[in-house]
């Protein structure tokens with residue numbers, strides 16, 4: 052794979068989508084970009100838009116706080132490219148959801164030999180507790196984080212590839228929203244002179260999506276965001292999304308199960324919970340089913356979930372579809388379930404068990 056310069060072609064010419072931006076950039080005074088970067092970092096620190104790096108320990112043993120990644124040079128994606136990418140992402144996530152439903156039900160793709168059965172059934176992410184369990188709309192992964200890269204071709208054009216699929220507890224969308232807000236604050240003139248697709252409505256879309264998978268018969272569902280707590284690396288995002296959606300941010304200790312239903316403790320007494328946007332890994336959700344030492348989840352949650360009394364998003368067991376050993380087979384899933392050629396290809400990947408590789 053070749054590197055790809057987003058702004059300049061091989062001959063040094065500015066690509067069409069960057070032409071206006073390049074002229075604007077050339078007209079800015081020396082030192083402006085450094086000043087704007089310093090301003091952005093100051094605001095991010097003041098607001099507390101950070102994430103924790105757990106490999107680097109502070110004196111108290113907690114993770115080192117880092118500012119979110121922020122690039123003053125925007126990545127400009129033309130509308131035609133975006134439409135093609137959107138088409139490919141919809142196709143891929145649809146196939147992945149079909150795969151998850153299949154492996155927890157009839158396992159047709161395993162019987163057909165498209166994906167090796169032992170690759171799934173012996174995988175640590177395969178949750179046998181989910182066998183035969185139906186989820187609303189058959190949508191296991193409502194929120195998917197698909198990582199995209201672009202590589203260069205011999206003729207100077209670029210091709211988008213999927214680097215990995217994140218279907219369990221994907222994070223990062225809050226940083227995208229805050230980055231856009233920061234760019235609008237620092238460079239408002241760029242938004243006046245360009246037609247830029249809005250992103251600020253994402254929390255509304257997220258809430259509508261979560262409400263759409265409420266248990267049967269619930270017309271006005273109560274949605275909550277379940278967080279491991281303030282020491283989680285993505286806690287800013289958990290709090291941000293809860294605030295933006297206008298729903299409660301809860302920890303496991305705030306929830307309890309009674310009569311098969313899930314409730315949260317409030318100052319006005321217990322309140323039934325219908326949809327949980329969980330930012331907590333499977334292993335910590337319910338000490339009665341998964342890790343017995345978990346203090347982060349809620350005892351009895353899985354039974355309520357399997358009985359259809361509460362919806363978890365994303366569903367338990369979605370990790371089987373984003374495991375790295377399953378990634379090479381996703382293009383085949385698209386063909387198997389949808390009868391279509393993949394719009395987006397994987398990064399070239401070799402599987403040692405395959406003779407051709």
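Residue numbers (the numbering used here): 52 to 408.
Each residue gets a CB set at the ideal place from its N, CA and C atoms; glycine is no exception.
Cross-strand partners of residue i (DSSP beta bridge)
{"i": "residue 363", "result": "327"}
{"i": "residue 59", "result": "65"}
{"i": "residue 387", "result": "In the DSSP output, where bridge partners are listed per residue, residue 387 has none listed."}
{"i": "residue 139", "result": "According to DSSP, which records beta bridges pairwise, residue 139 is partnered with nothing at all."}
{"i": "residue 53", "result": "203"}
{"i": "residue 397", "result": "213"}
Span of the alpha helix (DSSP H) around residue i
{"i": "residue 182", "result": "Unbroken run through residue 182: none, as it is neither H nor E."}
{"i": "residue 230", "result": "224 to 237"}
{"i": "residue 260", "result": "253 to 262"}
{"i": "residue 287", "result": "286 to 296"}
{"i": "residue 127", "result": "Here residue 127 belongs to no alpha helix (DSSP H), and DSSP marks it neither H nor E."}
{"i": "residue 373", "result": "370 to 373"}
{"i": "residue 404", "result": "Looking at the DSSP string, residue 404 is not in any alpha helix (DSSP H), and its letter there is neither H nor E."}
{"i": "residue 76", "result": "70 to 77"}
For residue j and residue i, believed in contact at Cβ under 8 Å, the rounded distance
{"i": "residue 367", "j": "residue 180", "result": "7 Å"}
{"i": "residue 362", "j": "residue 330", "result": "About 15 Å; that fails the 8 Å criterion."}
{"i": "residue 9", "j": "residue 321", "result": "Here the chain has residues from 52 to 408 only, and residue 9 is not among them."}
{"i": "residue 283", "j": "residue 53", "result": "No, residue 283 and residue 53 are not in contact; Cβ-Cβ is about 38 Å, not under 8 Å."}
{"i": "residue 382", "j": "residue 365", "result": "The pair is not a contact, with the Cβ atoms about 22 Å apart (cut-off 8 Å)."}
{"i": "residue 335", "j": "residue 352", "result": "Between residue 352 and residue 335 the Cβ distance is about 11 Å, and since that is not below 8 Å, they are no contact."}
Identity of the residue in the options nearest residue i by Cα
{"i": "residue 247", "options": "128, 313, 291", "result": "128"}
{"i": "residue 276", "options": "265, 263, 290", "result": "290"}
{"i": "residue 405", "options": "265, 166, 300", "result": "166"}
{"i": "residue 89", "options": "233, 281, 341", "result": "233"}
{"i": "residue 326", "options": "141, 298, 204, 138", "result": "298"}
{"i": "residue 218", "options": "242, 332, 403", "result": "332"}
{"i": "residue 213", "options": "221, 198, 202, 226", "result": "198"}
{"i": "residue 122", "options": "237, 391, 348, 407", "result": "237"}
{"i": "residue 253", "options": "228, 263, 63", "result": "228"}
{"i": "residue 241", "options": "62, 70, 100", "result": "70"}
{"i": "residue 124", "options": "176, 249, 58", "result": "58"}
Three-state class that DSSP yields for residue i in the structure shown
{"i": "residue 314", "result": "strand"}
{"i": "residue 197", "result": "strand"}
{"i": "residue 102", "result": "strand"}
{"i": "residue 357", "result": "helix"}
{"i": "residue 145", "result": "helix"}
{"i": "residue 117", "result": "strand"}
{"i": "residue 304", "result": "helix"}
{"i": "residue 170", "result": "helix"}
{"i": "residue 336", "result": "coil"}
{"i": "residue 165", "result": "coil"}
{"i": "residue 309", "result": "strand"}
Terminal residues of the beta strand (DSSP E) in which residue i lies
{"i": "residue 177", "result": "Note, residue 177: premise wrong, no beta strand (DSSP E); not H, not E."}
{"i": "residue 209", "result": "209 to 217"}
{"i": "residue 277", "result": "274 to 277"}
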